[in-house]
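Letter by letter, the sequence shown follows residues 40 to 184 of my numbering.
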Amino acid sequence: MAYWLFKSEPFKWSWEMQKARGDVGEQWDGIRNYQARNNMRAMKLGEKALFYHSNEGLEIVGIVEVCNLIHPDTTTDDPRWECVDIRAVCDMPRPVTLKDVKANPKLAEMSLVTSMRLSVQPVTEAEYLEVCRMGNLDNPPRSPA
Numbered sequence: 040m041a042y043w044l045f046k047s048e049p050f051k052w053s054w055e056m057q058k059a060r061g062d063v064g065e066q067w068d069g070i071r072n073y074q075a076r077n078n079m080r081a082m083k084l085g086e087k088a089l090f091y092h093s094n095e096g097l098e099i100v101g102i103v104e105v106c107n108l109i110h111p112d113t114t115t116d117d118p119r120w121e122c123v124d125i126r127a128v129c130d131m132p133r134p135v136t137l138k139d140v141k142a143n144p145k146l147a148e149m150s151l152v153t154s155m156r157l158s159v160q161p162v163t164e165a166e167y168l169e170v171c172r173m174g175n176l177d178n179p180p181r182s183p184a
C-alpha cells in the first residue's frame, strides 16, 4: 500500500475547487520537479493521499485518490513533465495544521516535515493513519493492497 501528500496553494487550487470536480477529478499539472514527477510515476489507481493547503492555511484539509495514472501534462509541450489525476474522497473533519504535524513525535520523519518544499510526497501508512486520527477521521479510506 502506498500513500501520498499533494500540496496546493489554495488561491490557485483549493480543496473546495478539488471537491467541485467530483468523480471526474483533476489532473495534478504544473509540476516541474523531477522527484515530485517520479513520485507520481510510482502511483497506482485508488491510492489515497492527503490534500494539503500550502502558504495559506498550512493544513491538511482532505483525502484524495489517484483516479488516472501518469500521462502527459497538458499544460506543457515538454515531454519530460507528466501528471496523474486525483479526485476528492472526503473532508478532514478537523484540519491538521503543519504546527500539529511538527509537534507530533510520530510524524518527525514525515516528508512534510523533512522535505517541506516538495509538492508531491510519499507518506507511510503509519503517518497517514496518524494524520487521519489527528483530524478526527474515523475509518479513514485506505489505499488498495
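Where a beta carbon is used, it is the ideal one built from N, C-alpha and C, also for glycine.
Just measuring C-alpha positions, the residue of A127, D116, N94, T113 sitting nearest G61 is A127. Bridge pairing for I102: L89, C129 [DSSP]. At a Cβ-Cβ threshold of 8 Å, L97 and L44 do not count as neighbours. The three-state secondary structure of N107, taken from DSSP, is strand. In the three-state reduction of the DSSP assignment, P134 falls in the strand class, which pools E and B.
Counting the other CB atoms within 10 Å of its CB gives D124 a total of 16 or more, which places it among the buried residues. At a Cβ-Cβ threshold of 8 Å, C106 and G64 count as neighbours.
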